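The structure appears below as structure tokens.
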Amino acid sequence: MNTLEIKIMKYGEIEAVELSGALVLGTPVNNLRQKIDNLTAHGANQFVFNLTGITRMDSSGIGLLVMIMSSTKEAGGALKLVNPSKQVTQTLKMCNLLPLFEIFSEEQEAISSFAKS
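Sequential numbering of the sequence shown, starting at 1, is according to full-length UniProt numbering.
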């Protein structure tokens, strides 16, 4: 079963999104896109995606991350990733997308990095 759990916590201006499960084509990607669209529609543009619990990500999951990252950049914000799995890191590397993302090992670190930038 490809289910994706999405938990969102707010830290000031920052949306910390904890994902667990499979970020793959279909319902998981659509649900996440809807949630993020909803947040950005309300002015959110600083996101931390905690990927610790992501077991699988396919090209549409990666495509969604890239889309969110570029739209947050355009809005003057950023998308930072926390603890992507080896598989996710490899996939980003293979697509030459790894350098586009700021990656942290701790969620707290990613959150506080916004204050500095």
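From the three backbone atoms N, C-alpha and C, an ideal C-beta is built for every residue, glycine too.
Computed from a predicted model, the values in this text were never measured in an experiment.
- By the Cβ neighbour-count rule, Glu107 is buried, with 16 or more other Cβ atoms within 10 Å of its own.
- Every beta strand (DSSP E) stretch that sits fully inside the segment 2-67 and reaches 3 residues is listed by chain position as 4-11, 14-23, 46-57.
- Here Leu25 is not near Leu32, since their CB atoms are 8 Å or more apart.
- When the five nearest sequence neighbours on each side are left out, the beta carbons in the same chain lying within less than 6 Å of the beta carbon of Thr55 are those of Ala22, in order along the chain.
- At a Cβ-Cβ threshold of 8 Å, Val17 and Asn50 count as neighbours.
- A distance below 8 Å separates the beta carbons of Ile36 and Ile68.
- The Cβ atoms of Thr40 and Ser71 lie closer than 8 Å to each other.
- For Leu92, the uninterrupted alpha helix (DSSP H) run begins and ends at 86-94, by DSSP.
- Nearest to Pro28 by alpha-carbon distance, out of Leu81, Ser59, Phe104, Ala44, is Ser59.
- The shortest C-alpha to C-alpha distance from Ala110 to any of Lys93, Tyr11, Ile6 is the one to Tyr11.
- Minimum Cα-Cα distance from Gln87 among the listed residues Ser113, Glu102, Leu98, Ser112 corresponds to Leu98.
- Take the alpha-carbon of Asn30 and the one of Phe104: they are about 25 Å apart.
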